[in-house]
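Each residue of the sequence shown is one higher than the one before, starting from 417 at the first, in this note's numbering.
Backbone N, C-alpha and C fix where the C-beta goes; we use that ideal spot for every residue, glycine too.
This structure is a prediction, so every number in the text was calculated from the model and none was measured.
Report on the structure given below.
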Amino acid sequence: MNLLIVDDEDVIREGIKRTIQRTFPSMQVSLANGPEEAARMLRSRPMDIVLTDVLMPGMTGLELMQLSRHRHPQVKWVVISAYSEFTYAQEAVRLGAKDYMLKPIGKERLIQTMEKLIAEIEHENEQAKERNQFKQQLKYVREAVFQRLASGLDLGRMDLTAWMKHHPTFRLIMVKMDSNRSVQLEHFMIENVLGECIEREGKGFTTSLDEKSLVGLITLREDRMIRAMVELLRIELNKVLKVPFQVMVSEVMQSFHEVPREVARMRQEALIHIHDQETGGQSIIEVAVQYMKANYHTDLSLEKAAAIVYLNPAYFSQLFKQKVGYGFKEYMIQLRMEQAKLLLLNTPLKLADIAERIGYQDVKHFTQVFRKKHQATPTEYRAAHLAQQSLSHE
417 MNLLIVDDED VIREGIKRTI QRTFPSMQVS LANGPEEAAR MLRSRPMDIV
467 LTDVLMPGMT GLELMQLSRH RHPQVKWVVI SAYSEFTYAQ EAVRLGAKDY
517 MLKPIGKERL IQTMEKLIAE IEHENEQAKE RNQFKQQLKY VREAVFQRLA
567 SGLDLGRMDL TAWMKHHPTF RLIMVKMDSN RSVQLEHFMI ENVLGECIER
617 EGKGFTTSLD EKSLVGLITL REDRMIRAMV ELLRIELNKV LKVPFQVMVS
667 EVMQSFHEVP REVARMRQEA LIHIHDQETG GQSIIEVAVQ YMKANYHTDL
717 SLEKAAAIVY LNPAYFSQLF KQKVGYGFKE YMIQLRMEQA KLLLLNTPLK
767 LADIAERIGY QDVKHFTQVF RKKHQATPTE YRAAHLAQQS LSHE
């Protein structure tokens with residue numbers, strides 16, 4: 417437990433400290449010679465009790481209390497003073513002081529006051545601990561009940577009315593991983609990220625459906641923000657997950673009784689339309705391909721392309737190959753080589769310039785890739801086609 421003693425008189429500070437430490441050896445006692453130093457110490461470390469003098473240079477102890485009590489609501493304040501004017505005691509009580517003691521402070525009175533405050537703090541801590549335990553238990557019960565509901569299992573006599581009052585309208589967000597290996601760690605990561613997104617954008621909770629699927633229920637503060645929230649969720653998941661995943665969102669729902677059917681529908685969608693997510697009327701891969709065609713000349717990596725469509729690289733790579741028929745790297749090479757052929761046959765550009773224009777900084781590397789693709793070097797390819805054109809014109 418931490419105690420701060422604020423007094424501009426060294427003798428008073430040290431005397432109180434000695435009495436406290438003899439009687440309560442586990443108490444951590446800090447000293448401040450005035451309100452300004454006390455304010456700095458309150459900001460730097462948590463305090464449970466503050467004993468402050470009333471009249472000190474610069475600022476009174478009551479002013480210190482008034483300025484600090486909202487920022488440090490957990491602190492128990494005790495005011496000490498050499499003056500017995502009732503107005504000081506009145507103000508101290510109004511500000512929430514636990515006690516008002518006159519100097520010279522008797523050791524017995526000081527010890528009694530500290531014992532009372534320590535007992536009060538311990539009681540409050542125990543109550544807070546019980547509240548937190550109850551909240552945690554309630555969280556587990558709620559998630560377990562919702563898991564049964566989402567899985568279409570019987571809830572017995574469980575009444576969902578109280579929950580429905582907190583969520584008159586809501587959406588479901590399902591995250592499903594596509595991996596053949598154990599994904600326990602990824603499961604934990606998704607639960608945390610999805611939970612944080614829900615807390616940031618509204619209210620709700622998450623629960624596990626199975627070892628590779630989770631579902632969150634959210635009532636948004638503004639439902640129009642759903643698209644932005646889902647995009648943010650994908651971005652955050654991309655940062656932590658190394659396995660393919662899908663994110664699916666329900667329409668706005670108004671009854672918990674609709675949940676089992678909607679979860680079943682989303683599961684089915686994940687199986688049947690695993691690669692058919694839509695973005696602005698175009699498939700995700702169509703958007704990626706358009707971006708690649710416009711940026712093939714840059715240092716465009718698989719990770720950058722995946723980020724454009726908010727997919728993690730592993731999932732994007734798998735999805736790209738299935739939709740396009742080529743791997744990402746192979747398709748990039750094809751784009752660049754097609755453009756290289758056009759530049760070789762229609763411009764007088766040097767090989768170094770052509771290589772740079774299609775995204776290769778090294779001419780030697782460009783030549784090797786071109787030869788592998790077309791069984792001829794760029795120079796041989798250009799010469800052969802120019803010779804063929806000459807013959808056709810004769």
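(request) Have a look at the DSSP bridge pairing and note the partners of V495. (result) Along the sequence shown, one-based indexing puts residue 495 at 79. Answer by DSSP bridge pairing, in chain order: T468, Y516.
(message) According to DSSP, simplified to helix, strand and coil, what is A723?
(response) One-based indexing of the sequence shown puts residue 723 at position 307. Here DSSP, grouped into helix, strand and coil, assigns A723 to helix.
(request) Look at the alpha carbon of I614 and the alpha carbon of D515, and state the distance between them as a whole number of angstroms. (result) On the sequence shown, position 198 is the one that residue 614 refers to. On the sequence shown, position 99 is the one that residue 515 refers to. I614 and D515 have their C-alpha atoms roughly 44 Å apart.
(request) Write down the C-beta distance between L610 and A566 rounded to the nearest angstrom, noting that I regard them as a contact closer than 8 Å. (result) Position 194 of the sequence shown, counting from 1, holds the residue named residue 610. Position 150 of the sequence shown, counting from 1, holds the residue named residue 566. Rounded to whole angstroms, the Cβ separation of L610 and A566 is 14 Å, and the two are not in contact under 8 Å.
(message) My output table needs one value for T635: the three-state DSSP class, helix, strand or coil.
(response) Here residue 635 is taken as the residue at index 219 of the sequence shown, counted from 1. Three-state result, T635: strand.
(request) Say whether the segment 503-518 touches the segment 446-458, bearing in mind that this needs 3 or more beta-carbon pairs closer than 8 Å, one atom from each stretch. (result) Touching, no.
(message) Bridge partners for T622 per DSSP, in chain order?
(response) For the purposes of this step, residue 622 is identified with residue 206 of the sequence shown, where counting begins at 1. G632, per the DSSP bridge assignment.
(request) Determine the burial state of A799: buried for a count of at least 16 other Cβ atoms within 10 Å of its Cβ, exposed for fewer. (result) The residue labelled residue 799 in the question sits at position 383 within the sequence shown. Exposed: under 16 other Cβ atoms inside 10 Å.
(request) Go through its chain and collect everything with a Cβ distance to H689's Cβ below 6 Å, but skip five positions before and after it. (result) Counted from its first residue, the sequence shown places residue 689 at position 273. Only weak support exists for where H689 lies, its pLDDT of 48 falling under 50; the value from the coordinates is given anyway. Exclusion of the five residues before and after H689 leaves no residue of its chain whose Cβ lies closer than 6 Å to its Cβ.
(request) Check K532 in the structure and name its three-state DSSP category. (result) Locating residue 532 in the sequence shown gives position 116, counting from the first residue. Here K532 sits in helix by DSSP.
(request) Use the C-beta contact count for H583: other C-beta atoms within 10 angstroms, 16 or more gives buried, fewer gives exposed. (result) Residue numbering aside, residue 583 sits at position 167 when the sequence shown is read from its first letter. Buried, since its Cβ has 16 or more Cβ neighbours within 10 Å.
(message) When you measure from the CB of E678 to every non-hydrogen atom of the ligand ZN, does any distance come out below 7 Å?
(response) This structure lacks the ligand ZN; in fact it carries no ligand of any kind.
(request) Helix, strand or coil for S442, going by three-state DSSP, please let me know. (result) Taking the sequence shown and counting its residues from 1, the one referred to as residue 442 is at position 26. DSSP places S442 in coil when its eight states are reduced to three.
(message) When you compare the CB positions of T577 and Q670, do they come within less than 8 Å of one another, or not?
(response) Walking along the sequence shown from the start, residue 577 turns up at place 161. Walking along the sequence shown from the start, residue 670 turns up at place 254. For T577 and Q670, no; Cβs fall outside 8 Å.
(request) Take M580 and list the residues in its own chain whose beta-carbon comes closer than 8 Å to its own, dropping the five residues that flank it on each side. (result) Translated into positions along the sequence shown, residue 580 becomes position 164. Cβ within range, chain order: S671, F672.
(request) Measure the Cβ-Cβ separation of D464 and I537 and say whether it is below 8 Å. (result) Taking the sequence shown and counting its residues from 1, one reaches residue 464 at position 48. Taking the sequence shown and counting its residues from 1, one reaches residue 537 at position 121. Contact flag set, yes.
(message) Cutting at 6 Å between CB atoms, please list the residues of its own chain near Q693, excluding the five before and the five after it.
(response) Translated into the one-based positions of the sequence shown, residue 693 becomes position 277. Per-residue confidence for Q693 stands at a pLDDT of 44, beneath the threshold of 50, marking its modelled position as unreliable; no derived number is given.
(request) Could you pull out every residue in the same chain whose Cβ sits closer than 6 Å to the Cβ of M517, ignoring the five residues on either side in sequence? (result) Working through the sequence shown from its first residue, we reach residue 517 at position 101. Apart from sequence neighbours up to five positions away, the residues of its chain that approach M517 with a beta-carbon distance below 6 Å are I496, ordered along the chain.
(message) Cutting at 8 Å between CB atoms, please list the residues of its own chain near L802, excluding the five before and the five after it.
(response) For the purposes of this step, residue 802 is taken as the residue at position 386 of the sequence shown. Closer than 8 Å at the Cβ level, and outside the excluded window around L802, lie L761.
(request) Work out the CA separation of P462 and E452 for me, nearest whole Å. (result) As a first step, residue 452 is located in the sequence shown; it is residue number 36 there, counting from the start. As a first step, residue 462 is located in the sequence shown; it is residue number 46 there, counting from the start. Cα-Cα distance, rounded: 16 Å.
(message) Quick check on M708: buried or exposed, where buried means 16 or more other Cβ atoms within 10 Å of its Cβ?
(response) Residue 708 sits at position 292 when you count from the first residue of the sequence shown. Flag for M708 reads buried.
(request) Please name the residue, chosen from M641, L458, L601, P473, that lies closest to K492 on a Cα-to-Cα basis. (result) On the sequence shown, position 76 is the one that residue 492 refers to. When each option's Cα is compared against that of K492, the closest is L458.
(request) Measure the C-alpha to C-alpha separation of L419 and I606 and round it to an integer number of angstroms. (result) One-based indexing of the sequence shown puts residue 419 at position 3. One-based indexing of the sequence shown puts residue 606 at position 190. Roughly 42 Å between the two C-alpha positions.
(request) Express the C-alpha separation of K789 and Q750 in angstroms, rounding to a whole number. (result) As a first step, residue 750 is located in the sequence shown; it is residue number 334 there, counting from the start. As a first step, residue 789 is located in the sequence shown; it is residue number 373 there, counting from the start. The alpha-carbon atoms of Q750 and K789 are separated by roughly 8 Å.
(request) Take Q563 and list the residues in its own chain whose beta-carbon comes closer than 8 Å to its own, dropping the five residues that flank it on each side. (result) Position 147 of the sequence shown holds residue 563. These residues qualify, in order along the chain: T623, S624, L625.
(request) Find the nearest neighbour of E702 within the set Q482, A722, Q804, judged by alpha-carbon distance. (result) By one-based count along the sequence shown, residue 702 stands at place 286. Relative to the Cα of E702, the nearest Cα in the group Q482, A722, Q804 belongs to A722.
(message) Give me the residue from K780, R637, M682 with the minimum Cα distance to R616.
(response) Your numbering for residue 616 matches position 200 in the sequence shown. With respect to the C-alpha of R616, the residue from K780, R637, M682 having the closest C-alpha is R637.
(request) Below 7 Å CB to CB, which residues in the same chain sit around T635 once its five sequence neighbours on both sides are set aside? (result) For the purposes of this step, residue 635 is taken as residue 219 along the sequence shown, with counting starting at 1. Answer for T635: H583, T585, F586, G618, K619, G620, listed in chain order.
(message) With distance defined between alpha-carbon atoms, name the residue in E479, V679, K545, Y747 nearest to L569.
(response) Position 153 of the sequence shown, counted from the start, is the residue given in the question as residue 569. Distances from the CA of L569 to each of E479, V679, K545, Y747 were compared; the closest alpha carbon is that of V679.
(message) Less than 8 Å between the C-beta atoms of M664 and A686, yes or no?
(response) Counted from its first residue, the sequence shown places residue 664 at position 248. Counted from its first residue, the sequence shown places residue 686 at position 270. Contact annotation: M664 and A686 have beta-carbon atoms nearer than 8 Å.
(message) Check for me: the beta strand (DSSP E) holding L588 runs from which residue to which?
(response) Sequence index remark: in the sequence shown, residue 588 carries index 172 (1-based). Start and end: 587-593.
(request) Put M481 into one of helix, strand or coil per three-state DSSP. (result) Along the sequence shown, read from residue 1 onward, the residue named residue 481 stands at position 65. Of the three classes helix, strand and coil, the one that applies to M481 here is helix, per DSSP.
(request) May I ask which residues mark the beginning and end of the beta strand (DSSP E) holding L716? (result) Position 300 of the sequence shown, counting from 1, holds the residue named residue 716. Annotation for L716: no beta strand (DSSP E) segment contains it, and DSSP assigns it neither H nor E.
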